[in-house]
Structure formats: C-alpha cells, structure tokens
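Visitor:
Next comes the structure, spelled out in structure tokens:
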C-alpha cells in the first residue's frame, strides 16, 4: 500500500490534489486566454506565466483574475514552481491601465515567488509611464523591454510564436489536455481514497465475542471482497492510457526524462504542444498513479485474505470455546450431583452392590463424554499448531479442561475403589454374621468322646473352626480398615456438609460393626 510520502508524489508535475481548482471550474476564464503557462522555461529553469497581447484582462473582475492565476500557478511541476516564476506581460495593443491591475494581483495574490515581470512595451510607449512603473514598489523585479530584447532573458525556443519564439503552443489543445489529465487524476485519486477506506476496514483488529457475531462478520467480509473486485480499475486504467496517448501525441512522443510509460503513442503527426515540459512531466505521474491503483488493489486482496484467515480463526476459537464450555458445564454439574452421594457406600451388601452397578453405569457414560473432551483437546492442538492468533488462550482453556476432567476422573476412580471395598466388606461381614450361629452351635457341643482317636478328630475340627472364625474376622476387619481409610480420604477431598454427614453415618456404622465383632 502506498505511504503518505509516496501519495504526495502522485500529485506533482501538475497532477492536483482534490482541494485544487480544476480547469473545468474556470473554463470560461481559460478560454479567454487572459494568461497562459505555455510550458516554457527561462534561462534559470523557471516556468513562464504569459499575458498575451490584446486579451483585455481589465474586463475581468479582480477575484476572477486571482482565481485564474491561482490555478495557473499549480500547472508546472512542484520542483519548477518552487524555483519561482518569470512573468511576461505583452502590452502591445493595450494601455498602461491594463498592466497595473495585473501587477497589483501578482503582488497581492500570486502564491508563488516571482523573479521578474518582463513588460513588453509598445513602440510608442511614453516615458512618463516608464517612470510611473519605476516608482511603484513590488516584491519582484519589473523590466520594461522590447520583444526583441526578451530573448536575452528567455531563449526563443521557450517562447511562443506571438513573442517571436519557436515553442509550439495550442491553447485549445492545452485546455483539452488539462481537462483530460485532471479528470483522470480526480477519478484515480477518488478511487485510491475509496480503496484506502476499504483498507481501514481490512486492517481492523476487532473480533466477535460469540459464534453468531463471528459468522456475521465473515459474511460481511465476503461482501467486502465483492467491493474490492468491483473497483473499476480496468476503467480507470483505460482512461489513463487514453490520457497518456493524448499527452504523448501532443508533445511529440515519450519525453519526460527517465520515465518510459509503456503507453506512449506510436502515431506520428504534428505535435501541438511539442517541448511542453509540464505535460511531459505529467506522463510518469500518470503512469505512477496507474501502477499504484493496480498495486493497491492487489494489496487489498492480500489484506482481505489475511483478515479472512483471522476471522475464520475467530470462528474456530468461538466454536472451540463453546464446545469447551459445554464440557465444563457437564463436569461441574455432574460433579455436584456426584458429590451428594460421593461417600454413600450402602449399609448392606445388596445396597453396596446396587451402588456399585449404578456407579459403573455412570462411569461408562462419563467415558463417552471423555471422547468429546479428547476431541476438543485435539482441536486445540491443531489450532495451536496452525498458528492461531489466540494460541495462548486456547492453550489455557485446554489446560483447564484437561485438569477439570482429570480431577473428575480421579473422583470416579476413588469412588470405584470405595464401592469395591464396600461390596467386599459387606459381603465378608454378612458372611461372617451368617456364620456366627453355625459357629455357636458347633461350640455348644458338650459331649466329649472317650476314644482317643475320636477325641483327636474333634479337637482338630474345633481347631479348624477356630481358625476359620479368625480368618473370617481378619478378612472383615482388614477390609473395614481399608474402607475406613478410603472414606476418611474422601471426606478430606470433599467438604460439603451433606457429604460429611453421610460419611460420619457410615464411619459410625463400621466402628459399631467392628465393636460387635470383638
């Protein structure tokens, strides 16, 4: 995209900015040929402002003359204008009353430095008028000379034929060329300004906060591409080529120094403005404008693509955040429900078994959710590896989600362990309690065998009974200790009042049961 410095360069060499006066704005004044800038240069290289003879500038209002001179001051290139102007006022066929208002306007309103005003005197010019001119105070030099003497200051090749020079000048052609050049420049500048406005839209760094708005921004961005494609670059390019053709044909071919426009006419014919450096200097500027329009549109398409990538990434981010939030909501909701019965282990074997089956089913369902969580984490990895503009945020969400799931999964595992121990404990405890009556009956046998062999068998059976009782007790006691330890750990993990009450109930039950066993 063009920089502001380069942008200024496009308006040099008589290619104006929008705030300048255009030829079409003062066409009637130009057509009267009160003053002209022929494209000639004095021996210092300064542009020449000429007031031709017999044009009667005194008929113009002062404001109109100021407007005309202001416009003409902008027609040479910037470098030449900065050097200042030489003014040639042809008094032949006019009177001193015609010259005085011209000098007054030049003194008061001409925006560019004037080195010298050469006044071509008529043959019968009175001496007292020369004296009057000499006594006037102007900020530029004035010199009353004959047309023959003018060649001492300005080479005849830089003077038009009415000043006995050889510089070709066609005033109607000059007006036509200026209007064509300015029309193109205005359109090209307006087009660049419009593309600059599009650039502002493309370089915005705002993004949507939700999926719906993100999709809307993508739709709007797609419409923006249509605006870029519909920019009439080809139309302005065609008009620019036509302007270059006119300039080249009128000035006698591609002149203008270092710039080869590539659009120069190959036609041959009379050059009505041959040697006009102002138009020659305009050629490379027109070419530069055309090139800049093409480059700018190409740059807009590049910016559009960059913005499109970011908007797509934004939508991906919002969808990712939306999916991740659903998983967070599921985890937190089910964790809260889960914690309500987290330490509920049942008071009987059947209750414990039912709770275990219920938990197994819930765990399997949770694994299905983990598939979605794992998919979201995979999406996060792809977005980060793809160079997403918000990779840090994506990583943070992924880390939170992974941590939340692992904490939830750890809770599932711990409850699985507790319920497994509970089922085992209640199974062993109920088996133990069911065996107590049998053991009691076995111990109540009071008949002592008289035979040694039979007595030894009874002693052996009683010893086996004792060992079985001890083994059963040990298993119940060991399982209860493990269960108590695990319950105590769960109580430390979750501190909710309802959980504490439930855990205390089960802990009391276990202690009471162990007390009964002893």
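Residue numbers (UniProt numbering): 1 to 518. All C-beta atoms in this analysis are idealised placements derived from N, C-alpha and C, irrespective of residue type, glycine included. These numbers come from a predicted model, not from an experiment.
1) Just how far apart, CA to CA, sit residue 164 and residue 157?
2) Can you give the Cα-Cα distance for residue 451 and residue 460, rounded to whole angstroms?
3) Secondary structure at residue 519, three-state DSSP: helix, strand or coil?
4) For the candidate residues 154, 379, 483 and 444, whose alpha-carbon lies nearest to that of residue 423?
5) Going straight from the alpha carbon of residue 278 to that of residue 287, what length do you get?
6) Judging by CA-CA distance, which residue of 367, 375 and 357 is the nearest neighbour of residue 418?
7) Would you call the segment 304-316 and the segment 210-219 touching, i.e. three or more CB-CB distances under 8 Å?
8) Return the chain-ordered ranges of every alpha helix (DSSP H) run that is complete within the UniProt domain "CRAL-TRIO" (26-171) and spans a minimum of 4 residues.
9) Anyone know if the C-beta pair for residue 36 and residue 84 falls short of 8 Å?
10) Do residue 202 and residue 304 have their C-beta atoms closer together than 8 Å?
11) Is it the case that the Cβ atoms of residue 384 and residue 396 are separated by a distance below 8 Å?
12) Which same chain residues end up closer than 7 Å to residue 307 when comparing Cβ atoms and leaving out the 5 residues on each side of it in sequence?
13) Considering residue 221, what are the terminal residues of the alpha helix (DSSP H) in which it resides?
14) Distance, Cα to Cα, residue 488 vs residue 435?
15) Got a sec, what are the start and stop residues for the alpha helix (DSSP H) residue 436 sits in?
16) If you compare alpha carbons, which of 390, 463 and 349 is closest to residue 432?
17) So, are the CB atoms of residue 105 and residue 119 less than 8 Å apart?
18) Have a look at residue 87 and residue 283 and give me their C-alpha separation to the nearest angstrom.
19) So which of 154, 390 and 401 has the shortest CA-CA distance to residue 310?
20) According to DSSP, simplified to helix, strand and coil, what is residue 284?
21) With distance defined between alpha-carbon atoms, name the residue in 107, 137 and 320 nearest to residue 209.
22) For the alpha helix (DSSP H) that contains residue 359, what are its first and last residues?
23) Is residue 70 close to chain D, meaning its C-beta is less than 8 Å from at least one C-beta of that chain?
24) Tell me the residue span of the alpha helix (DSSP H) that contains residue 251.
25) Decide yes or no for the touch test of the segment 49-66 against the segment 187-206: beta carbon pairs closer than 8 Å, at least 3 of them.
26) Pick from 195, 272 and 472: whose alpha carbon is nearest that of residue 300?
27) By how many angstroms is the C-alpha of residue 398 removed from the C-alpha of residue 331?
28) Tell me whether residue 388 sits in a helix, a strand or coil according to DSSP, three-state version.
29) Using only the alpha-carbon positions, how far apart do residue 477 and residue 420 sit?
30) Under the assumption that residue 327 contacts residue 293 (Cβ atoms under 8 Å), give the Cβ distance between them as a whole number of angstroms.
Guide: The relevant details are as follows:
1) Approximately 9 Å, taken between the alpha carbons.
2) In this structure, the CA atom of residue 451 is about 14 Å from the CA atom of residue 460.
3) This structure gives no information on residue 519, because the portion of the chain shown stretches from 1 to 518.
4) Out of 154, 379, 483 and 444, the CA that lies nearest to the CA of residue 423 is found in 483.
5) It is roughly 15 Å from the alpha-carbon of residue 278 to the alpha-carbon of residue 287.
6) Measuring C-alpha to C-alpha distances from residue 418 to each of 367, 375 and 357 identifies 357 as the nearest.
7) Segments in contact, yes.
8) As far as the UniProt domain "CRAL-TRIO" (26-171) is concerned, its whole alpha helix (DSSP H) runs of at least 4 residues are 27-31, 62-72, 78-83, 96-109 and 127-135.
9) Not a contact, by the Cβ cut-off of 8 Å.
10) Taking the C-beta atoms as reference points, residue 304 is found nearer than 8 Å to residue 202.
11) For residue 384 and residue 396, no; Cβs fall outside 8 Å.
12) Closer than 7 Å at the Cβ level, and outside the excluded window around residue 307, lie 202 and 221.
13) DSSP places residue 221 inside the alpha helix (DSSP H), whose first and last residues are 211-229.
14) Each residue's Cα considered, the two are about 29 Å apart.
15) Its alpha helix (DSSP H) spans residues 391-443.
16) It is 349 whose Cα lies nearest to the Cα of residue 432.
17) Between residue 105 and residue 119, the CB-CB gap reaches or exceeds 8 Å.
18) Approximately 26 Å between the Cα atoms of the pair.
19) Each of 154, 390 and 401 was checked against the Cα of residue 310, and the nearest Cα belongs to 390.
20) If DSSP states are grouped into helix, strand and coil, residue 284 belongs with the helices.
21) Considering only alpha carbons, the answer is 320.
22) Per DSSP, residue 359 belongs to the alpha helix (DSSP H) from 349-385.
23) Here there is only one protein chain, and chain D is not present.
24) Residue 251 -> alpha helix (DSSP H) spans 233-251.
25) Judged by Cβ distances under 8 Å, the segment 49-66 makes no contact with the segment 187-206, as fewer than three pairs qualify.
26) The residue among 195, 272 and 472 with its C-alpha nearest the C-alpha of residue 300 is 195.
27) One C-alpha to the other measures close to 14 Å.
28) DSSP places residue 388 in coil when its eight states are reduced to three.
29) Approximately 15 Å between the Cα atoms of the pair.
30) In fact, because the Cβ distance is near 51 Å, the residues do not count as touching under 8 Å.
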